[in-house]
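Numbering (the numbering used here), first residue to last: 77 to 358.
This is how it looks when you write it as structure tokens:
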């Protein structure tokens, strides 16, 4: 079996038209509507049998954050101990069904013996706070194998004492300490563009609070201190398409209803973000 290239674009949903990075492209668009948001284990297994070699490419670009759980599949091919560093507006730590879905992929990653730790930076939505946090993998957080770093600027003072909470004026200090503690560890980096402000990325989900400059700084610091062995970028907006009514119902219930700019403007904004972030992974 031929080895995959070092980096490729897995096209599930035409979120990146006209190949902005000139990467080799794997056309998986027939799988997109089947996998979007969530999929039954048998279907995920079939997809992995068909595209496991492609998923093993060290660096990958793919589309909507609805497919973020593919990161857990990609981590299967990592040979040695690895720490996963995720930049995401959502913790993706939900312990409820479905097993394979964009909201719980961190738990699938932590099931792998080679994944020693997962750190999620930039959560800005409600999932890290009471009462919604009861659905998160708090056990992994207590064990120290999962850490989440939610923004707490607009939270009550007591919430700012939450484990991992960050503020605009101190998050870089916390991040630098994280890197010191991390040491020269092998790292897999995953970036969901929904961690960025709405003017800097257009996605299918709520927008986060990082700026592109924030991520450029964070990725640069990570590269200085650790060995990045793989990574991916996802999160660009694409028009949703589904094949199962339960899948459609759950996805439409969960997704926010947001106004978005024109298709040309969406592409312009997202390509500008990608061109600044992608070189820092490789």
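All C-beta atoms in this analysis are idealised placements derived from N, C-alpha and C, irrespective of residue type, glycine included.
Remember, it's a predicted structure, so these values are computed and weren't measured experimentally.
Quick one, are the C-beta atoms of residue i and residue j less than 9 Å apart?
| i | j | result |
| --- | --- | --- |
| residue 288 | residue 276 | yes |
| residue 176 | residue 120 | yes |
| residue 88 | residue 156 | no |
| residue 114 | residue 294 | no |
| residue 197 | residue 166 | no |
| residue 86 | residue 146 | yes |
| residue 325 | residue 346 | no |
| residue 194 | residue 219 | no |
| residue 292 | residue 357 | no |
| residue 161 | residue 192 | no |
| residue 137 | residue 354 | yes |
| residue 231 | residue 217 | no |
| residue 302 | residue 255 | yes |
| residue 118 | residue 143 | no |
| residue 332 | residue 252 | no |
| residue 317 | residue 174 | no |
| residue 227 | residue 242 | yes |
Looking only at C-alpha atoms, which of the options sits nearest to residue i?
| i | options | result |
| --- | --- | --- |
| residue 128 | 102, 156, 250 | 102 |
| residue 329 | 213, 290, 280, 291 | 280 |
| residue 352 | 117, 296, 338 | 296 |
| residue 339 | 213, 278, 290, 283 | 278 |
| residue 268 | 164, 251, 143 | 164 |
| residue 315 | 337, 253, 190, 130 | 337 |
| residue 212 | 180, 199, 190 | 180 |
| residue 257 | 343, 298, 124 | 298 |
| residue 308 | 242, 131, 341, 202 | 131 |
| residue 202 | 235, 215, 190 | 235 |
| residue 343 | 190, 90, 116 | 90 |
| residue 246 | 290, 122, 214 | 290 |
Measure the beta-carbon distance from residue i to residue j and round it to whole angstroms, keeping in mind my assumption that it falls under 8 Å.
| i | j | result |
| --- | --- | --- |
| residue 81 | residue 305 | Actually they are not in contact, since the Cβ atoms of residue 81 and residue 305 sit about 16 Å apart, beyond 8 Å. |
| residue 271 | residue 286 | 5 Å |
| residue 244 | residue 229 | 6 Å |
| residue 96 | residue 350 | 6 Å |
| residue 284 | residue 273 | 7 Å |
| residue 141 | residue 178 | 6 Å |
Looking at the C-beta of residue i, does it have a partner C-beta in chain C at a distance below 9 Å?
| i | result |
| --- | --- |
| residue 293 | Here there is only one protein chain, and chain C is not present. |
### Query
Are three or more beta carbon pairs between the stretch 173–188 and the stretch 138–151 nearer than 8 Å?
Output reads yes: the stretch 138–151 touches the stretch 173–188.
### Task
State whether the stretch 317–331 contacts the stretch 262–270, with contact taken as three or more CB pairs (one from each stretch) at a distance under 8 Å.
Not touching, per the Cβ criterion.
#### Entry: Validate contact between the stretch 163–171 and the stretch 103–113 using beta carbons, cut 8 Å, 3 pairs
The answer is no - the stretch 103–113 does not touch the stretch 163–171, with fewer than three Cβ pairs under 8 Å.
### Task
Kindly provide the ranges of any alpha helix (DSSP H) runs that are 4 or more residues long and lie completely inside the stretch 172–208, ordered along the chain.
As far as the stretch 172–208 is concerned, its whole alpha helix (DSSP H) runs of at least 4 residues are 181–186.
### Task
Would you list, in sequence order, the uninterrupted alpha helix (DSSP H) runs of no fewer than 4 residues that lie entirely inside the stretch 292–318?
Counting whole runs of 4 or more residues, the stretch 292–318 contains no alpha helix (DSSP H) stretch at all.
### Query
Which runs of the alpha helix (DSSP H) spanning at least 4 residues fall entirely within the stretch 242–269, listed in chain order?
List check, alpha helix (DSSP H) in window: 247–258.
### Task
Could I get the ranges of all uninterrupted beta strand (DSSP E) runs contained in the stretch 116–170, with 3 residues as the minimum, in chain order?
Those beta strand (DSSP E) runs which fall completely within the stretch 116–170 and span 3+ residues are 135–137, 158–163.
### Task
Run through the stretch 319–345 for me and flag every whole alpha helix (DSSP H) of 4 or more residues, listed as ranges in chain order.
321–330, all fully within the stretch 319–345.
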